Amino acid sequence: MQIGELGQQLGVNPKTIRYYESIGLLPEPARSSSGYRVYDEADAERLGFIKAAQRLGLALDEVREILALRDGGQAPCAYVRTVISREVADIDQRLDELHRLRGELVALEQRARDASGEGAICGLIEHVRQKSAP
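Taking our numbering, the leading residue of the sequence shown gets 12, the next gets one more, and so forth.
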């Protein structure tokens, strides 16, 4: 199949496919007699894996490492576990930050309800700014 077909099949822009080739995530494809890129089912599976890994939050460098291990005949499972554990820790940290921010906003919202005057909201935000200043 040609690049447009592959892209349409997997929902990937052809420019992205060419980019993945340029950074080594996808191998250089075969070429037709007229010079068009020709992809096979193995290329489609590899591209599908790349997209699935990205949906899980893996960076392209991490995906490249996983593919390099697999292409080298090694099972990448230990590396994948490490990457996933790191990703879970990052998500937990972001959730903690979001919970903290939510608490601040709920408190600010309550103060805004209780405040009177036209400029009260600005005063509330100024209070938060002063509280967080070094």
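All C-beta atoms, glycine included, are put in the ideal place defined by N, C-alpha and C. None of these values were measured; they are calculated from a predicted model.
Ala70 - DSSP class collapsed to helix/strand/coil: coil
Local Cβ density within 10 Å of Ala118, reported as buried at 16 or more and exposed below that: exposed
Cross-strand partners of Arg42 (DSSP beta bridge): Arg48
For Pro25, the first and last residue of its enclosing alpha helix (DSSP H): Pro25 to Ser33
Cα-Cα separation between Glu73 and Val91, rounded to whole angstroms: 9 Å
As assigned by DSSP and simplified to three states, the class of Gly15: helix
Which of helix, strand or coil DSSP assigns to Leu36: In this structure, Leu36 counts as coil in the three-state DSSP scheme.
Three CB pairs or more closer than 8 Å across the stretch 46-61 and the stretch 83-90: no
Val94 versus Asp125 - alpha carbon distance: If you take the alpha carbons of Val94 and Asp125, they lie about 47 Å apart.
Ala100 (DSSP reduced to helix, strand or coil): Reduced to three states, the DSSP call for Ala100 is helix.
Whole-angstrom distance between Leu67 and Arg29, CA atom to CA atom: 22 Å
Closest Cα partner of Ile34 within the set Ala100, Arg75 and Asp54: Arg75
Separation of His110 from Arg122, as counted between CA atoms: 18 Å
Three-state class that DSSP yields for Gly59 in the structure shown: helix
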